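K.L.:
Handing you this structure, nothing more for now.
Protein chains: 2
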Amino acid sequence: MYEGLIQDLIDELGRLPGIGPKSAQRIAFFIVQDEHYDPSRLATILAAVREHVHFCSVCGNLTEQEQCSVCTDPRRDRSVICVVEEPKDVAAIERTHEYHGLYHVLGGAISPIDGIGPEQLRITSLMPRLADGTVKEIIIATDPNLEGEATATYLARQLGYLDVKVTRLASGLPVGGDLEYADEVTLGRAFEGRRAI
Amino acid sequence: MYEGLIQDLIDELGRLPGIGPKSAQRIAFFIVQDEHYDPSRLATILAAVREHVHFCSVCGNLTEQEQCSVCTDPRRDRSVICVVEEPKDVAAIERTHEYHGLYHVLGGAISPIDGIGPEQLRITSLMPRLADGTVKEIIIATDPNLEGEATATYLARQLGYLDVKVTRLASGLPVGGDLEYADEVTLGRAFEGRRAI
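Just so you know, the sequences run in chain order Y and U.
At position 120 of the first sequence the residue is numbered 120 (the UniProt record's numbering), and the sequence of numbers has no breaks.
At position 168 of the second sequence the residue is numbered 168 (the UniProt record's numbering), and the sequence of numbers has no breaks.
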């Protein structure tokens, strides 16, 4: 539809997740035409990002160093490891400011349909981290869906042989939510996990 | 929240129109992690696009040549010029395959609130195109909103002194739409512009 580079730009933008043809076109025209926007900055970052960003050698989080900022922070509590699926889950938990331990990023969840078994995840590298007895608790914080639950069950079984407490994040009603609109499974979990007040 | 380049990438993606913080984060992680995606292609295009894409010297459409592919196409009908606001409007009209004339891209619409008057638009360059008498009709295809109507009225007045037919795209019910859901103004226009069948 468009000429050369503009169509190339629309096509490449359309490959990004959540950007449909209309959005790609809108963004492309913004990039080409907006006088306050400098596309060379994004170009420079895109060219550098794959070279400099990689997985932390300890926990699997994304970092530009050999180890990530959590793993190298001396103030973090080294007796607890929170296991998550993706680097963005680390960011979500850090935003709560409630957790001060370490992380372990699996790189996904067990999903037979997508051909992802335990061996595709960063599970074997978790075991050596528990060897010296520093870690007392593993908090499994995989997503509360089918794949996340399967992964949590698998991990709990693997870790059952070790002298470490294994916990799972609580399921229940989201804070600020409306009981009436909660789905049956969530409401069931909220009853199951009810606490004395 | 994130380290160095990842945060830079999220920030830069967030500057694009229609991309909020959540989308920017999602896209950034895709760019960093997806093994089938090569960010260097978008990087190369972004670095080149401002240098190579500019406005057609005749009509104001975007092109990588001195003149755009419509202006240089010998098969186009040179007796009619369709005046639009933006390059994306040219693409929208081309998609209909109904129009075979030339274009003139104003680069916006008259909008006193945004400080855009006729002198900010590509209007003076339209007049020389009518000088040799080849052009018999000007179709004003600015958007059917306040700014577009104001621009159409202004242009019609300017062109009134010249020996050229000035027309405006029809307003009315969108095809495939539902009469019940049409707004009053659109429905009013549909009555006004009714045709014998």
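The C-beta atom is built at its ideal place from N, Cα and C for all residues, glycine as well.
As the structure is a computational prediction, the values presented were derived from the model and not from experiment.
(1) Alpha carbon to alpha carbon, how far is Y:Arg26 from Y:Gly188? Give it in angstroms, no decimals.
(2) Excluding the five sequence neighbours on either side, which residues of its own chain have a C-beta within less than 7 Å of the C-beta of U:Glu147, listed in chain order?
(3) Alpha carbon to alpha carbon, how far is U:Ser69 from U:Leu62? Give it in angstroms, no decimals.
(4) Expressed to the nearest angstrom, what Euclidean distance is found between the alpha-carbon atoms of Y:Ile16 and U:Ala48?
(5) Judging by CA-CA distance, which residue of Y:Ile45, Y:Lys88, Y:Gln33 is the nearest neighbour of Y:Phe55?
(6) Is the Cβ of Y:Glu12 closer than 8 Å to any Cβ of chain U?
(7) Y:Cys59 and Y:Ala141: beta carbons closer than 8 Å?
(8) Which two residues bound the contiguous beta strand (DSSP E) that contains Y:Gly177?
(9) With contact counted as at least three CB pairs below 8 Å, one residue from each stretch, are the stretch 160 to 171 of chain U and the stretch 122 to 140 of chain U in contact?
(10) Please list the terminal residues of the continuous beta strand (DSSP E) segment that includes U:Leu187.
(11) Which whole-angstrom value is the C-beta distance of Y:Leu9 and U:Ile45, which I expect to be below 8 Å?
(12) Leaving out five residues on either side along the sequence, give the residues of the same chain with a beta carbon under 6 Å from the beta carbon of Y:Ile139.
(13) Whose CA, out of U:Val105, U:Ile197, U:Asp114, U:Glu137, lies closest to the CA of U:Arg122?
(14) Under DSSP, the beta strand (DSSP E) around U:Thr142 begins and ends at which residues?
(15) Taking only three categories from DSSP, how would you classify U:Gly101?
(16) Answer with buried or exposed for Y:Phe29, where buried requires no fewer than 16 other C-beta atoms within 10 angstroms of its C-beta.
(17) Can you tell which of U:Ser57, U:Leu42, U:His52, U:Arg50 has the C-alpha that lies nearest to the C-alpha of residue 243 of chain Y?
(18) Of all the CB atoms in chain U, is at least one closer than 8 Å to the CB of Y:Lys88?
(19) Rounded to whole angstroms, what's the CA-CA distance from U:Ala24 to U:Asp11? Just pull it up for me.
(20) Where does Y:Thr151 land, buried or exposed, given buried means 16+ other C-beta within 10 angstroms?
(21) Compute the Euclidean distance between the alpha carbons of Y:Ser171 and Y:Ile93, then round it to the nearest angstrom.
(22) So with CB distances below 8 Å, who are the chain U contacts of Y:Leu102?
(23) May I have the straight-line CA-CA distance separating Y:Ile116 from U:Leu102, to the nearest angstrom?
(24) From this set, U:Asn145, U:Glu180, U:Ala182, which residue's C-alpha is nearest residue 198 of chain U's C-alpha?
(25) Quick one: which residues of the UniProt domain "Toprim" (79 to 174) of chain U get their C-beta closer than 8 Å to a C-beta of chain Y? List them in chain order.
(26) Would U:Val90 pass as a contact of U:Val135 if the rule is Cβ separation under 8 Å?
(27) Determine the contact status of Y:Val53 and U:Leu173, defining contact as a CB-CB distance below 8 Å.
(28) So what's Y:Glu85 in DSSP terms, helix, strand or just coil?
(29) So, is U:Tyr2 buried or exposed, given that buried needs 16 or more other C-beta atoms within 10 angstroms?
(30) For a contact defined as C-beta to C-beta under 7 Å, what are the partners of U:Thr63 on chain Y?
(31) Taking the C-alpha atoms as reference points, what is the distance between Y:Glu98 and Y:Arg194?
(32) Out of curiosity, what's the CA-to-CA distance linking U:Arg157 and U:Asp73?
(33) Does the Cβ of residue 203 of chain U have 16 or more other Cβ atoms within 10 Å, making it buried, or fewer, making it exposed?
(34) Establish whether the CB of U:Phe29 and some CB of chain Y are separated by less than 8 Å.
(35) For U:Leu169, which residues from the same chain have a beta carbon less than 8 Å from its beta carbon, with the 5 sequence-adjacent residues on both sides left out?
P.N.:
In brief:
(1) 44 Å
(2) Ala109, Ile110, Ser111
(3) 10 Å
(4) According to the sequence displayed, residue 16 of chain Y carries Leu and not Ile. Roughly 19 Å between the two C-alpha positions.
(5) Y:Lys88
(6) yes
(7) no
(8) Premise fails: Y:Gly177 is in no beta strand (DSSP E) and is neither H nor E.
(9) yes
(10) Per DSSP, U:Leu187 belongs to no beta strand (DSSP E); it is in the alpha helix (DSSP H), 184 to 192.
(11) 5 Å
(12) Cys82, Thr167
(13) U:Val105
(14) First-last for U:Thr142: undefined, no H or E at that position.
(15) strand
(16) buried
(17) The structure shown does not extend to residue 243 of chain Y, since chain Y is modelled only from 1 to 197, so the question has no answer here.
(18) yes
(19) 7 Å
(20) buried
(21) 15 Å
(22) Near Y:Leu102 there are no residues of chain U at all, since even the closest Cβ is about 16 Å away, more than 8 Å.
(23) 55 Å
(24) Residue 198 of chain U lies beyond the residue range present for chain U, which begins at 1 and ends at 197; the question has no answer from this structure.
(25) Glu86, Pro87, Lys88, Ala91, Glu94, Arg95
(26) no
(27) no
(28) coil
(29) buried
(30) Glu3
(31) 21 Å
(32) 30 Å
(33) Not covered by the structure: residue 203 of chain U. The range shown for chain U is 1 to 197.
(34) yes
(35) Ile139, Ile140, Ala141, Pro144
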